[in-house]
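What follows is a short report on a single structure.
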Amino acid sequence: MLPPGADAGVSGRPHPSALVRRWWAGHRGTVTSVRIDLRVGGSWRYAMDAGGTEIVFRGEYREIVPGERIVFTEIYEAGPGATNEGPGVLCAYTLTPHAGGSTLTMLVDAPDQATRDAIVESGMEAGVQEGMDIAEELAVELAG
C-alpha cells in the first residue's frame, strides 16, 4: 500500500531517469542506461550490469492513464546472436486509491505457457519485489 499522493513515482506520469535508475535493478546490479519516451506508442529501454553480465529489457507503451494505469510490452534482449523480436509480455500496472493510500496491481500476460514458465523459473519474482520495495520508498519520498 502506498501513502496518499505517492502515485507520482509509479504511475503513468513521466518520471526522471534518475528515479528509474534507483529502483529498476533493485540491489541486483547497477542501471547503466535508461531511455523513456512516455507516450502511447513510445518506447522504453533499461539496461543494467549484474556482476559483469548486461541485462536489457525494452518495450512499447500501449496505454497511459496518468495516476491510474499504464500498459506496456516488455521484451528481454538476450545476448549476441539471440532473436529478440518475439512478442514479449504485456504488462498492466494499475493504481487503486484507498483512504490510506493506493494499491499497485501488476499483471503480466505471457504469450504462452513456456514464456510464463521461463519467467517464473528465472527468479524474477524476487527481483521485482525488491524493485517494488525501492519504488515504494521513492513514492513515499515523492509524496513527502
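Residue 142 in numbering that gives the first Met the number 0 sits at position 143 of the sequence shown; the count goes up by one each step and never skips.
For every residue, glycine included, the Cβ atom is placed at its ideal position computed from N, Cα and C.
The alpha helix (DSSP H) runs of length 4 or more contained entirely in the region 41–75 do not exist; there are none. Remark: C-beta atoms of Pro86 and Pro110 approach each other more closely than 8 Å. When the alpha-carbon of Thr93 is set against those of Ser16, Phe71, Ala77, the nearest one is in Phe71. Between Gly130 and Trp22, the C-beta spacing is below 8 Å. In this structure, DSSP gives Val30 an extended state, which the three-state scheme calls strand. Ile35 is bridged by DSSP to Trp43.
In terms of Cβ geometry, Gly28 and Gly50 form a close pair [threshold 8 Å]. Excluding residues up to 5 positions away in sequence, Tyr60, Arg61, Glu62, Ile63 lie with their Cβ nearer than 8 Å to the Cβ of Val39 in the same chain.
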